[in-house]
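Since the structure comes first, as C-alpha cells, the remarks are kept for the end.
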Amino acid sequence: MIELVNIRKSFGEKVVLQDVSATMQAGKTNLIIGSSGSGKTVLMKCMVGLVKPDSGKILYNGKDFTAMNDKDKKDIRQEIGMLFQGSALFDSMTVEENVLFPLDMFSVGSYKEKRKRVAECLDRVNLSDAAKKFPAEISGGMKKRVGIARAIVLNPKYLFCDEPNSGLDPQTSLVIDKLISELTKEYNITTVINTHDMNTVMESGDHIVYMYQGLKQWEGSNKEIIFAKDEKLNDFIFASDFLRDAKEMRQMEMFQDRDWRNKMKKDGNEPKS
Ligand SMILES: Nc1ncnc2c1ncn2[C@@H]1O[C@H](COP(=O)(O)OP(=O)(O)OP(=O)(O)O)[C@@H](O)[C@H]1O
Ligand SMILES: [Mg+2]
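Residue numbering for the sequence shown follows full-length UniProt numbering, starting at 1 and increasing by one per position.
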C-alpha cells in the first residue's frame with residue numbers, strides 16, 4: 001500500500017498540491033481523477049520520485065520514500081513500472097528492443113533469459129507479431145501496449161499509468177483498461193492510474209481519489225461514487241444527462257442486491273423510482 005500524508009508542492013508562487021492525504025490500496029487499481037490542472041500528474045510524479053514534495057510523507061508499506069537514503073530509494077524505484085502519457089517509446093528501437101531496454105539497464109540475467117522475458121511480456125499484451133516493428137509503424141493503442149509491456153517487464157510491485165487512454169478511441173481504451181486491470185490482479189500489483197475517462201472510473205477503478213484544485217476532494221470505491229453526495233465530484237463525474245441517467249440505472253441495479261439495498265435505505269439513498 002502507498003500512503004500519502006500531507007503532501008504539499010508549489011512551483012514558485014503557484015500552490016499545486018495543498019495538503020493531500022490519500023491511500024493507494026495494495027493489489028488494486030487505484031484511480032486519480034480530476035479536471036485538467038488539478039494536480040494529478042504532479043501527485044504521481046511525487047509518488048515515483050520525479051518531483052520532490054515541499055513537505056509531507058509518501059509511505060511505501062510504512063516506509064517513508066521521501067526520507068530514504070539513495071540505496072533504499074533505488075530499491076523502491078526498481079519495483080516501480082511506469083507508463084508515461086504518450087507512451088514515450090524510443091523511436092529508433094524496435095518494439096522488442098524497447099521492452100528489452102529496462103532489462104538491460106536494471107537486471108543481470110543472460111541475454112537468452114532476457115529475450116525470453118521480453119517474448120513473454122509481448123505475448124501477454126498480444127503483440128508478439130509486432131516485435132520487429134518500429135514505433136512509427138504501429139497504432140496508438142499498440143504503442144500503449146508496448147508501453148505496458150515495458151512497464152511490467154521487471155515484474156514491478158507498483159504500476160503507475162498517466163492517462164493511459166489519452167488519444168485512443170473508446171473501444172481501444174476499454175482494451176487497455178482491461179489489460180491493466182487483469183495485470184494488476186494477475187501479478188498482485190498496486191496500480192495507480194491518472195485518468196479523466198469516465199468509462200475507466202465506472203468499469204475498472206477499485207479505489208478512486210478525486211482531486212480538485214490541488215486538494216483531495218473525495219476518496220472512495222467505484223460503488224460508493226454512485227451515491228457520493230459531494231457536489232464538485234458529481235458535477236465532474238456525471239457531467240452530462242447521459243451519465244446522470246447511467247448513474248440512476250446503476251443505483252437501481254445495486255438496489256437489487258440485498259446488502260446494498262439495506263445500506264442504501266440506512267443512508268437515505270434509495271433510488272427515485
Ligand atoms: N514543473 C512545473 N513548473 C511549474 N508549474 C507546474 C509544473 N508542473 C506542473 N505545474 C502546474 O501544476 C498544475 C497541475 O499540473 P498537473 O500536470 O499535475 O495537472 P493534471 O491534473 O495532471 O492535468 P491534466 O489532466 O491536464 O494532465 C498546473 O497548473 C501546472 O501548470
Ligand atoms: Mg496530467
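Every residue, glycine too, gets a C-beta built ideally from N, C-alpha and C.
Assuming E3 is part of the alpha helix (DSSP H), what are its boundary residues? From DSSP, E3 is part of no alpha helix (DSSP H) but of the beta strand (DSSP E) over I2 to F11.
Less than 8 Å separating the Cβ of Q85 from some heavy atom of ligand 2? Yes, the beta carbon of Q85 sits closer than 8 Å to at least one heavy atom of ligand 2.
To the nearest angstrom, how far is the alpha carbon of L83 from that of P156? C-alpha separation (whole angstroms): 12 Å.
Which of the three DSSP states is assigned to S55 in this structure? Three-state DSSP puts S55 in a strand.
Pull the bridge partners of I176 from the DSSP assignment, please. As computed with DSSP, I176 is found in no beta bridge at all.
Just verifying my parser: in three-state terms, what is the DSSP assignment at residue 274? The structure shown does not extend to residue 274, since the chain spans only 1 to 273, so no value can be given for it.
For the beta strand (DSSP E) that contains K216, what are its first and last residues? Here the beta strand (DSSP E) through K216 covers L215 to S221.
Assuming contact is defined by CB atoms lying nearer than 9 Å, are I32 and S21 in contact in what I supplied? Going by C-beta atoms, I32 is not nearer than 9 Å to S21.
Assuming L168 and I180 are in contact, meaning their beta carbons sit under 8 Å apart, how far apart are those beta carbons, in whole angstroms? Between L168 and I180 the beta-carbon gap is near 13 Å, outside 8 Å, which marks them as no contact.
Under 5 Å, CB to nearest heavy atom of ligand 1: contacting residues: Those satisfying the condition are, in chain order, F11, V16, S36, G37, S38, G39, K40, T41 and V42.
Residue interval of the alpha helix (DSSP H) (run including A67): Element bounds for A67: n/a, residue is neither H nor E.
Taking the straight line between their C-alpha atoms, what separation do you get for F65 and M249? Cα-Cα distance, rounded: 42 Å.
What residue does the alpha helix (DSSP H) around D241 start on, and which one ends it? Counting along the chain, the alpha helix (DSSP H) containing D241 begins and ends at D241 to F255.
Measure from the alpha carbon of L154 to the alpha carbon of each residue in G81, T94 and R145, then state which is nearest. When only C-alpha atoms are compared, the closest one is G81.
For the stretch 101-172, which segments carrying the beta strand (DSSP E) assignment without a break, of at least 3 residues, lie completely within its bounds, in sequence order? If we require 3 residues or more, the beta strand (DSSP E) runs fully inside the stretch 101-172 come out as 158-162.
Of the residues G220, E219, M24 and P102, which one's Cα is nearest the Cα of A149? Of all alpha-carbon atoms in G220, E219, M24 and P102, the one lying nearest the alpha-carbon of A149 is that of P102.
Can you name the start and end residues of the beta strand (DSSP E) that D19 belongs to? Here the beta strand (DSSP E) through D19 covers K14 to M24.
Where the alpha helix (DSSP H) containing I237 begins and where it ends: I237 -> alpha helix (DSSP H) spans E231 to I237.
Mind checking whether S92 and K144 have CB atoms under 9 Å apart? Going by C-beta atoms, S92 is not nearer than 9 Å to K144.
Nearest CA to the CA of F11: which residue from V42, S36 and F236? The shortest C-alpha separation from F11 is found at V42.
N30 bridges to which residues according to DSSP? Within the DSSP bridge table, the entry for N30 names V192 and H207 as partners.
At a cut of 8 Å, does the stretch 193-203 reach the stretch 118-125 through at least three beta carbon pairs? In this structure the stretch 193-203 does not lie against the stretch 118-125, because fewer than three pairs of beta carbons, one per stretch, are closer than 8 Å.
Through-space distance from G49 to Y111, alpha-carbon basis: When rounded, the distance between both Cα atoms is 30 Å.
Please confirm if the stretch 225-236 is in contact with the stretch 49-58, defined as three or more CB-CB distances below 8 Å between the two stretches. In the pairwise beta carbon analysis, the stretch 225-236 is classified as not touching the stretch 49-58: fewer than three pairs are separated by under 8 Å.
Exposure of D70, with buried meaning 16 or more beta-carbon neighbours within 10 Å: By the 10 Å Cβ count, D70 comes out exposed.
Q3 beta carbon near ligand 2 (any heavy atom closer than 8 Å): Note on residue identity: the sequence assigns Glu, not Gln, to residue 3. No, Cβ of E3 sits at least 8 Å from all heavy atoms of ligand 2.
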